[in-house]
Amino acid sequence: AATGGSTTVRQVKLDKECELRIESSADSPLRLRLLTGTAEIFGTEVPPGIWLNFSPRLKFAVFTWYGATIEMDGPTETDYTADETPMISYINVHAVLDGRRNHAKASPSDSDTSQGPRVVVVGPTDSGKSTLSRMLLSWAAKQGWKPTFVDLDIGQGSITIPGCIAATPIELPIDPVEGIPLEMPMVYFFGHVTPSANVDHYKVLVKELSQTLEKQFSGNAESRASGMVINTMGWIEGVGYELLLHAIDTFNATVVLVLGQEKLCSMLKDVLKNRPNVDVVKLQKSGGVVSRNAKVRQKARGYRIREYFYGPSNDLSPHSNVVNFSDLFIYRIGGGPQAPRSALPIGAVPAADPTRLVPVNVNHDLLHLVLAVSYAKEQDQIVSSNVAGFIYVTDIDMHRKKITYLAPCAGELPSKYLIVGTLTWIEN
Ligand code: ADP
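Residue numbers for the sequence shown follow the working numbering, so the first one is 458 and each next one is one higher.
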């Protein structure tokens, strides 16, 4: 039963294959340690005896395969024990993937069979996609594989800030407190939190990311055999569905895991029935997955951006920089001023190139926007280039023609080419 609001140090005994589901409180931290037995948090083992500090508003579960005693210190929003979880079916998927990785590793490196499983995780929002991706990656890393995590979910972003698609190798089980290490992720900036803002541009970025990874795999047998886990967006209707198919195609997926949606599963089974090398597998959604409404999701996006600049535990100090308007070259992708309908031939539809580069004049419209710093060396590479990081515009002085921005560190930006979309953030 839920025991929300408790503040004392307390112990919870978990029977085998049970989990303790926790939502940490909004304003105070929570400490937790493993006293006896073994347990894991989303696929990563909890070290025995050591206090782990969880930040506020975190929703997670401590699961045990063989039984454990957990000690908690601090208030929670809720905490309760569940004995019904889909974990057995998830670990069975892991076992199958592991077999395929071994098979890939044993194959000659120039053959098709040297490619490990490419797993796409699909399902509606709040079906546990990110969580399942994380478990599969951590279980694989625990066994010494280096799978690549690809995150196509621009709405939330597990690897970097929202509005981006990204990939990173996972070399160690993902830390339950720190999350995914941000060493060298490959990041492409879309700049919006919904793909409908520019569907063609989104597809172009997915294609770019897949080609970059393909190049990396061709020179790296280990990561090739380890395969990929690809997390997708929760938008599964209409254009969202089309984008799922596009991702499955573009990344040459071999396994599609469908969480909690019969209809989506049968639709995918049907369209993919002529591809014997793609398995579509339906998996149960965990009862522990917490639904988040639009407002909560929007807040979560804000926290994620804050985390980029200030660190997960507020341990970074971003730098405020002031530069001249003329020092930066800011672009928007797609859209832009269109010819008025009256200027077009009768019957013609105004069609702006969705991946056209549009120069942006600096003015107050840029205030509170998050911009990406492109790795492009030339202007014509901007659309297809990945990004080095992000800045946040905090002041525009039209009179002195100065722009003030927050960046993770001091000094000159790695490039003068910046990309802007509609991604905003109000620092508080
Ligand atoms: P999706 O990626 O499908 O939108 P997530 O995997 O992000 O869904 O899950 C939504 C939220 O539920 C996250 O905050 C996640 O940490 C939480 N969650 C997932 N599984 C569990 C569980 N078994 N117990 C408690 N919280 C969970």
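The C-beta atom is built at its ideal place from N, Cα and C for all residues, glycine as well.
Inset, instruction - Have a look at G494 and V503 and give me their C-alpha separation to the nearest angstrom. - result: Working through the sequence shown from its first residue, we reach residue 494 at position 37. Working through the sequence shown from its first residue, we reach residue 503 at position 46. Using only the alpha carbons, I get a separation of about 10 Å.
Inset, instruction - Compute the minimum distance between the beta carbon of E528 and the heavy atoms of the ligand ADP, and state whether it is under 7 Å. - result: Locating residue 528 in the sequence shown gives position 71, where the first residue counts as 1. Result no, Cβ not under 7 Å from the ligand ADP.
Legend entry - Beta bridge counterpart(s) of Y874 as assigned by DSSP: Taking the sequence shown and counting its residues from 1, the one referred to as residue 874 is at position 417. BP columns for Y874 point to F786.
Inset, instruction - Mind reading off the beta-carbon distance from T711 to P626? Whole number of angstroms is fine, and I expect it under 8 Å. - result: As a first step, residue 711 must be located in the sequence shown, where it is residue number 254. As a first step, residue 626 must be located in the sequence shown, where it is residue number 169. About 19 Å separates the two Cβ atoms, so there is no contact after all.
Legend entry - Simplified DSSP state of F847, which is helix, strand or coil: Along the sequence shown, read from residue 1 onward, the residue named residue 847 stands at position 390. Here DSSP, grouped into helix, strand and coil, assigns F847 to strand.
Inset, instruction - Note the first and the last residue of the continuous beta strand (DSSP E) segment covering K470. - result: Residue 470 sits at position 13 when you count from the first residue of the sequence shown. For K470, the uninterrupted beta strand (DSSP E) segment begins and ends at 467 to 471.
Inset, instruction - May I have the straight-line CA-CA distance separating S680 from S564, to the nearest angstrom? - result: Counted from its first residue, the sequence shown places residue 680 at position 223. Counted from its first residue, the sequence shown places residue 564 at position 107. Cα to Cα, S680 sits roughly 14 Å from S564.
Inset, instruction - Within its chain, find whatever has a CB closer than 8 Å to the CB of P871; leave out the 5 residues flanking it on each side and keep chain order. - result: For the purposes of this step, residue 871 is taken as residue 414 along the sequence shown, with counting starting at 1. So the list reads V830, Y832, A845, G846, once near-sequence residues are dropped.
Inset, instruction - With distances taken Cα to Cα, identify the nearest neighbour of P581 among G612, T570, K516. - result: The sequence position of residue 581 within the sequence shown is 124, counting from 1. Of the listed residues, the one whose Cα sits closest to P581 is G612.
Legend entry - Endpoints, alpha helix (DSSP H) assigned at S481: Here residue 481 is taken as the residue at index 24 of the sequence shown, counted from 1. Following the DSSP letters along the chain, one finds S481 in no alpha helix (DSSP H) but inside the beta strand (DSSP E) bounded by residues 475 to 481.
Legend entry - Validate contact between the segment 591 to 609 and the segment 542 to 557 using beta carbons, cut 8 Å, 3 pairs: yes
Inset, instruction - Grab the span of the beta strand (DSSP E) containing S777 for me, first residue to last. - result: For this step, residue 777 is matched to residue 320 along the sequence shown. Annotation: the continuous beta strand (DSSP E) that includes S777 extends over 776 to 781.
Inset, instruction - Would you check whether the ligand ADP has a heavy atom nearer than 7 Å to the C-beta of F606? - result: Position 149 of the sequence shown, counted from the start, is the residue given in the question as residue 606. No, Cβ of F606 sits at least 7 Å from all heavy atoms of the ligand ADP.
Inset, instruction - Report all residues from its chain with a CB closer than 8 Å to the CB of I903; omit the five preceding and five following residues, and keep chain order. - result: Absent from the model: residue 903. The displayed extent of the chain is 458 to 885, so no value can be given.
Legend entry - Backbone CA spacing between K752 and H551 [nearest angstrom]: Translated into positions along the sequence shown, residue 752 becomes position 295. Translated into positions along the sequence shown, residue 551 becomes position 94. Their backbone Cα atoms lie some 34 Å apart in a straight line.
Legend entry - Any non-hydrogen atom of the ligand PLP within 7 Å of V747 CB: Of the ligands one can find in the structure shown, namely the ligand ADP, none is the ligand PLP.
Legend entry - Segment limits, alpha helix (DSSP H) that includes E665: Position 208 of the sequence shown, counting from 1, holds the residue named residue 665. Run containing E665: 656 to 675, per the alpha helix (DSSP H) assignment.
Legend entry - heavy atom of the ligand ADP below 7 Å from F511 C-beta: Position 54 of the sequence shown, counted from the start, is the residue given in the question as residue 511. For the ligand ADP, not one heavy atom lies less than 7 Å from the Cβ of F511.
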